[in-house]
Amino acid sequence: MLLGRRTVPRLLVTALAGALVASALPAAAQAAPAPGGTLAPLRAATGELIAGSYIVVYKKDTAAPATARVETGVRSQGGQISHRYDTALRGFAAKLSSTALDQVRRDPNVAYVETDSVMRLEATASWGIDRINQRGRTLDGVYAANSNGTGVHAYVIDSGVRTTHNEFGGRATLDANVVGDGRSDDCIASGHGTHVSGTVGGATTGVARSVRIHGVRVFGCGRTTPTSTVIAGVNWVTNNAQFPAVINMSLGGSASTAMDDATNAAINRGITVVASAGNEGADACGNSPARVPRVITVANSTSGDARFNGVLGPSNFGACVDLFAPGTDIVSALNTSDTGTRVLTGTSMAAPHVAGVAALYLNRHATASPQQVRDAIVRNATAGVVTDVQGSPNLLLNSTLDAVADVNGDGVTDFTVWRPANGTWYARNLFSAQWGLPGDVPVSADYNGDGVTDIAVWRPSDGVWYVANQFTIQWGQSGDIPVPADYNRDGVTDLAVFRPSNGTWYVRGLWSVQWGQAGDIPIAADFSGDGMAEVAVFRPSNGTWHVRLLWSVQWGQSGDVPVASDFNGDGVAEVAVFRPSDGMWHVRLLWSVQWGQSGDVPIAGDFNGDALTDVAVWRPSDGMWHVRLITSVQWGQNGDIPAS
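Anchor point for the sequence shown: position 537 equals 537 in the UniProt record's numbering, and the numbering is continuous, going up by one each time.
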């Protein structure tokens with residue numbers, strides 16, 4: 001049950017991009033209940049069944065003596081128990097004769113019995129991590145993340161992992177082997193588990209490059225494994241997981257109630273679960289665990305932002321898919337060398353990109369629930385760019401989960417003010433720090449790419465930038481307006497100024513360009529969705545926005561305050577203004593809403609970590625922050641400048 005291209009037997013990869021796919025044999029005939037007796041349901045999995053192999057699930061709260069009696073009866077009938085489950089499920093897997101099966105089903109403590117089935121692997125600097133790091137399709141070979149997964153535990157339920165590979169730097173271990181073949185290596189031909197692990201957290205091929213990788217081996221040296229064995233792996237993780245935790249299952253099989261129940265138990269424990277959608281070119285709602293509503297189910301997209309529909313395992317689709325992620329021709333770690341890589345294709349390759357982003361999110365939100373992790377990832381995905389989605393949500397994974405004015409790196413905008421009178425920064429419930437002098441301009445931003453907003457000031461008298469604990473650099477002159485932003489998509493804020501006297505932008509280390517005129521208000525925002533800021537101005541005299549190399553549009557009027565930001569989560573900054581005269585926000589092509597009053601300072605930030613810009617104002621008269629639909633908080637005093 002691995003997902004990948006069929007270069008490798010039925011993992012879902014080109015090389016093994018895996019999702020285990022459970023196939024089934026003909027359903028076993030159900031014995032008629034004896035007079036006066038009731039048989040527990042026998043649920044026949046679809047797909048390729050394993051003859052004589054069954055998963056037995058006890059009723060909730062069945063006592064230990066009763067379970068012991070059932071298992072003793074199985075052995076007395078010649079049954080062979082292969083796995084016991086105590087957390088993800090309560091029950092066992094066993095080889096049963098028809099007599100033993102009938103006996104088990106007659107026991108009043110048994111909730112149901114399911115025929116065991118086959119699961120397969122779903123697989124067939126990588127372009128994939130480059131793609132998820134930006135909104136637009138033009139790639140630049142750079143992957144920049146403002147989080148790295150430190151402290152997060154990724155459990156890769158797969159074929160094992162080559163723990164000594166240089167990609168892992170000692171961060172990978174094989175923690176459990178439920179196959180029972182006496183081996184501990186990733187011996188499958190495609191190296192599916194090692195490849196998947198490398199995409200989750202490899203040092204150069206991975207998304208979360210400091211995450212802790214835990215291998216859970218449920219596949220032997222072949223492409224298929226019993227569903228009961230995968231359940232044993234899920235059971236082990238549910239019992240032993242360290243938190244915060246994410247499970248990646250690049251595998252899949254036919255619909256299985258037992259597999260679904262085990263997966264839900266792991267989620268109930270607080271573990272985020274990511275699974276591949278499958279590589280059959282079919283509805284993902286026919287596969288387990290892909291069909292579980294609380295699982296983050298991932299389909300395979302190509303470098304051209306299309307659903308993969310090749311002969312080597314077309315991606316599954318449909319309502320059970322949550323989003324797409326790169327899964328075609330993905331480069332990651334090889335299982336036969338500590339330095340080698342290989343290229344694989346499949347939904348097995350797509351899922352670990354999402355598991356890696358989950359680790360990035362959990363790095364900053366360690367107590368987030370699986371639902372909160374799922375919602376943040378889905379909301380932050382790029383909408384409307386994938387073709388041939390076949391009824392799936394048109395969402396493509398994006399890994400940039402940063403918030404404005406986030407001074408502690410938790411992904412949420414913090415209530416922070418700078419007090420010019422004493423040069424002190426005050427961050428609510430976090431810290432106060434003296435940095436700057438009266439007359440300075442606050443320019444807080446992320447100047448080193450670590451995902452944390454740095455406190456900083458620009459001094460108009462000499463054009464010097466002072467960034468706390470990092471650097472002091474002269475850039476600009478008196479009369480300039482500072483416009484720090486990431487102009488080259490490397491994840492680091494660049495030093496930049498706009499010079500009204502000649503309408504020229506000067507970006508340190510990159511370029512200078514004439515755009516605008518005296519009286520314009522400079523705006524640096526991502527208006528194209530390519531992951532870097534465009535040069536733009538708002539002209540108060542006629543309310544026109546001029547975005548270099550893109551467009552000009554009239555929106556607003558004299559006296560309005562421009563507040564360009566991403567208000568709908570599509571990765572593109574909207575043109576928006578706040579009108580002090582009536583407290584109205586006008587966001588072009590979206591909505592207008594009244595929030596604030598004359599004298600308020602408009603603030604655009606993500607105050608709840610949902611990857612959407614919230615409408616907020618700071619009121620100088622009383623120091624109150626009013627965040628629409630979220631909260632009101634007093635922080636600051638008249639004369640302060642809010643960080644934004």
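Here a beta-carbon is modelled for each residue, glycine too, at the ideal position from N, C-alpha and C.
- The beta carbons of residue 397 and residue 381 sit closer together than 7 Å.
- The stretch 471-484 makes contact with the stretch 445-463, as at least three CB pairs between them are under 8 Å.
- Residue pairing of residue 622 in beta bridges, as defined by DSSP: absent, with no partner found.
- Contact annotation: residue 611 and residue 379 have beta-carbon atoms nearer than 7 Å.
- The DSSP assignment places 323-326, 330-333 and 341-344 as complete runs of the beta strand (DSSP E) inside the stretch 308-367, in order along the chain (cut-off: 3 residues).
- Contact between the stretch 234-254 and the stretch 139-155 is present, with at least three C-beta pairs closer than 8 Å.
- The DSSP-derived three-state label of residue 240 is helix.
- Note that the stretch 549-558 touches the stretch 577-591; at least 3 beta-carbon pairs, one per stretch, sit closer than 8 Å.
- Here the C-alpha atom of residue 87 lies approximately 19 Å from the C-alpha atom of residue 369.
- According to the DSSP assignment, residue 81 belongs to the beta strand (DSSP E) that extends over 80-85.
- For residue 190, no beta strand (DSSP E) run applies, since DSSP gives it neither H nor E.
- If you draw a straight line from the Cα of residue 641 to the Cα of residue 493, it is about 21 Å long.
- Scanning its chain for C-beta atoms nearer than 7 Å, with the 5 sequence neighbours on each side dropped, one finds around residue 393 the residues 321, 322 and 323, in chain order.
- When 528, 113, 596 and 96 are compared, the shortest CA-CA separation from residue 624 is found for 596.
- Following the DSSP letters along the chain, one finds residue 514 inside the beta strand (DSSP E) bounded by residues 511-514.
- Counting C-beta atoms within 10 angstroms of its own C-beta, residue 454 has 16 or more neighbours from the protein chains shown and is therefore classed as buried.
- Going by DSSP, residue 217 is part of the beta strand (DSSP E) stretching over 212-217.
- It is roughly 34 Å from the alpha-carbon of residue 592 to the alpha-carbon of residue 507.
- Straight-line measurement puts the Cα of residue 48 at about 47 Å from the Cα of residue 412.
- For residue 370, the enclosing alpha helix (DSSP H) has its first and last residue at 370-380.
- Secondary structure remark: continuous beta strand (DSSP E) runs of at least 3 residues inside the stretch 72-158, in chain order: 80-85, 91-95, 110-122 and 153-158.
- In this structure, 258 is the residue among 258, 174, 387 and 490 with its C-alpha nearest to the C-alpha of residue 117.
- Listed in chain order, the beta strand (DSSP E) elements of length 3 or more contained wholly in the stretch 395-439 are 416-419, 424-427 and 431-434.
- With respect to residue 193, residue 200 sits apart: the two C-beta atoms are not nearer than 7 Å.
- For the pair of segments examined, the stretch 106-113 was found to touch the stretch 55-68: the number of CB pairs separated by less than 8 Å reaches three.
- By the C-beta criterion, the stretch 422-440 is judged not to be in contact with the stretch 345-353, since fewer than 3 inter-stretch pairs fall below 8 Å.
- Three or more Cβ pairs closer than 8 Å define a contact, and the stretch 67-84 meets that threshold against the stretch 224-232.
- Nearest neighbour of residue 524 by Cα position, chosen from 505, 518 and 510, turns out to be 505.
- In this chain, residue 247 is not harboured by any alpha helix (DSSP H); it is covered by the beta strand (DSSP E) spanning 245-249.
- For residue 391, the closest C-alpha among the options 399, 315, 376 and 340 is that of 315.
- Restricting attention to 435, 297, 272 and 443, the CA atom closest to the CA of residue 367 is found in 272.
- Counted as a single uninterrupted DSSP element, the alpha helix (DSSP H) harbouring residue 258 occupies residues 257-268.
- Bounds of the beta strand (DSSP E) holding residue 50 are 49-58.
- The closest CA to that of residue 399, considering only 336, 491 and 526, is found on 491.
- With a cut-off of 8 Å on Cβ pairs, the stretch 183-197 is in contact with the stretch 328-336, counting three or more such pairs.
- Following the DSSP letters along the chain, one finds residue 387 in no beta strand (DSSP E), marked with neither H nor E.
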